[in-house]
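Everything on this sheet refers to the single structure shown next.
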Amino acid sequence: MSDSRHYDEQEIAEILRLATEADEAGPPPAAGTGLTLAQIQEVGGEVGIPASRIERAARSLESVETSPPARFLGAPRSVARIAPLDRPLSDDEWMRLVVILRETFEAKGTVEELGPLRTWYNGNLHVHVEPWEDGHRVRMTTFKGNVTELAILSLVCLAMAVFTALAIYSKKGLDAGLFISGMFGAAGLGLIGSARLGLPAWADRRAAQMEEIAERIPLLLDAQDGDIGAT
536 MSDSRHYDEQ EIAEILRLAT EADEAGPPPA AGTGLTLAQI QEVGGEVGIP ASRIERAARS
596 LESVETSPPA RFLGAPRSVA RIAPLDRPLS DDEWMRLVVI LRETFEAKGT VEELGPLRTW
656 YNGNLHVHVE PWEDGHRVRM TTFKGNVTEL AILSLVCLAM AVFTALAIYS KKGLDAGLFI
716 SGMFGAAGLG LIGSARLGLP AWADRRAAQM EEIAERIPLL LDAQDGDIGA T
């Protein structure tokens with residue numbers, strides 16, 4: 536993280552909010568053209584906010600590039616969020632994070648560990664704690680899997696609509712062919728519509744859940760550091 540970066544007023548307010556989330560109140564954001572991380576830490580230090588807590592809060596605002604979401608008819612069918620860490624999670628922090636994941640996503644999920652790599656997953660929803668560049672990160676990804684099945688079924692129904700219309704028209708006339716093929720066509724369009732219409736709300740809900748988890752991670756680190764400092 537670069538100490539020379541200047542944070543605007545909105546970012547300063549968000550950093551101080553995250554850094555003081557466990558406290559009753561925090562200092563007001565400073566006005567002006569922006570502050571560096573060191574300056575924000577100086578402001579926070581005047582009211583007793585540890586510099587490490589402010590740094591972690593600022594790190595959570597860092598823009599981390601993720602792959603563009605997969606889309607279906609223009610709507611997102613995948614969601615991803617990356618939360619940078621300045622150190623690996625301890626065993627206790629990892630267990631607490633798993634509890635948060637289970638509460639947030641309302642699923643027990645499955646836990647896997649391979650050396651420094653830790654994973655919690657439930658279906659297409661995956662959360663990885665892993666080394667990354669000069670630190671570590673929590674990488675959350677999910678994918679709406681049933682869209683593919685619904686799209687295939689809808690194509691089958693539409694194909695049946697065309698086939699039925701041609702087959703029945705050649706034997707019983709136009710009216711009967713159009714009625715039966717129309718039923719297949721309506722079923723196909725209904726499947727496509729149901730898959731497409733539900734995606735935005737699903738993506739917004741998952742994105743909000745991941746953002747909430749990313750904001751709670753610095754509190755896990757602060758709690759562990761506080762316990763170490765107390766001893």
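If you read the sequence shown in this note's numbering, its first letter stands for residue 536, the second for the next number, and so on.
All C-beta atoms in this analysis are idealised placements derived from N, C-alpha and C, irrespective of residue type, glycine included.
Starting from the C-beta of F719, find all residues in its chain whose C-beta is less than 8 Å away, skip the five residues before and the five after it, and write them out in chain order.
-> Sequence index remark: in the sequence shown, residue 719 carries index 184 (1-based). In the same chain as F719, and ignoring 5 residues on each side of it, the C-beta atoms closer than 8 Å to its own belong to C692, L693, M695, A696, T699, in chain order.
Taking the alpha carbon of L726 as the point to measure from, which residue in S689, R740, R622, E750 has its own alpha carbon closest?
-> In the sequence shown, residue 726 corresponds to position 191, counting from 1. From the listed residues S689, R740, R622, E750, the smallest Cα separation to L726 is found for S689.
Are the beta-carbon atoms of L584 and R751 separated by less than 7 Å?
-> Reading the sequence shown from its first residue, position 49 is the one you call residue 584. Reading the sequence shown from its first residue, position 216 is the one you call residue 751. The sequence given here has Ile at residue 584, not Leu. With respect to the 7 Å criterion, I584 and R751 are not classified as neighbours on the basis of their beta carbons.
Figure out for me which residue from G723, F607, H663 has the closest Cα to the Cα of L632.
-> Position 97 of the sequence shown, counted from the start, is the residue given in the question as residue 632. Distance from the Cα of L632 is smallest, within the candidate group G723, F607, H663, for H663.
Should K643 be labelled buried (16 or more other beta-carbon atoms within 10 Å of its own) or exposed?
-> Working through the sequence shown from its first residue, we reach residue 643 at position 108. Burial state of K643 is exposed, judged by a 10 Å Cβ sphere holding fewer than 16 other Cβ atoms.
Local conformation of P666 per DSSP, three classes | Position 131 of the sequence shown, counting from 1, holds the residue named residue 666. DSSP, reduced to helix, strand and coil, places P666 within a strand of the structure shown.
Since I believe T677 is in contact with V614 (beta carbons under 8 Å), could you give me their beta-carbon distance rounded to a whole number of angstroms?
-> Numbered from 1 along the sequence shown, position 79 holds the residue referred to as residue 614. Numbered from 1 along the sequence shown, position 142 holds the residue referred to as residue 677. Indeed they touch by this definition, with Cβ atoms about 5 Å apart.
Through-space distance from A749 to I617, alpha-carbon basis | In the sequence shown, the residue the question calls residue 617 occupies position 82. In the sequence shown, the residue the question calls residue 749 occupies position 214. When rounded, the distance between both Cα atoms is 8 Å.
Through-space distance from D626 to E648, alpha-carbon basis = As a position in the sequence shown, residue 648 is number 113, starting the count at 1. As a position in the sequence shown, residue 626 is number 91, starting the count at 1. E648 and D626: Cα-Cα distance of roughly 11 Å.
Own chain residues within Cβ distance below 6 Å of N659, not counting five before or after | If you number the sequence shown from 1, residue 659 lands on position 124. Taken in chain order, the residues that qualify are T677, F678, G680.
Backbone CA spacing between E747 and Q574 [nearest angstrom] | Sequence index remark: in the sequence shown, residue 747 carries index 212 (1-based). Sequence index remark: in the sequence shown, residue 574 carries index 39 (1-based). If you take the alpha carbons of E747 and Q574, they lie about 27 Å apart.
Quick one: is P666 buried, meaning 16 or more other Cβ sit within 10 Å of its Cβ, or exposed?
-> Numbered from its first residue, the sequence shown carries residue 666 at position 131. Flag for P666 reads exposed.
May I ask which residues mark the beginning and end of the alpha helix (DSSP H) holding L632?
-> As a working note, residue 632 is residue 97 in the sequence shown. Counting along the chain, L632 sits inside the alpha helix (DSSP H) bounded by residues 626-640.
Quickly, what does DSSP pair P619 with across the bridge? List them, please.
-> The sequence position of residue 619 within the sequence shown is 84, counting from 1. Paired residues: R672.
In whole angstroms, what is the alpha-carbon distance linking G728 and R740?
-> Your numbering for residue 728 matches position 193 in the sequence shown. Your numbering for residue 740 matches position 205 in the sequence shown. If I take the Cα positions, the gap works out to 19 Å.
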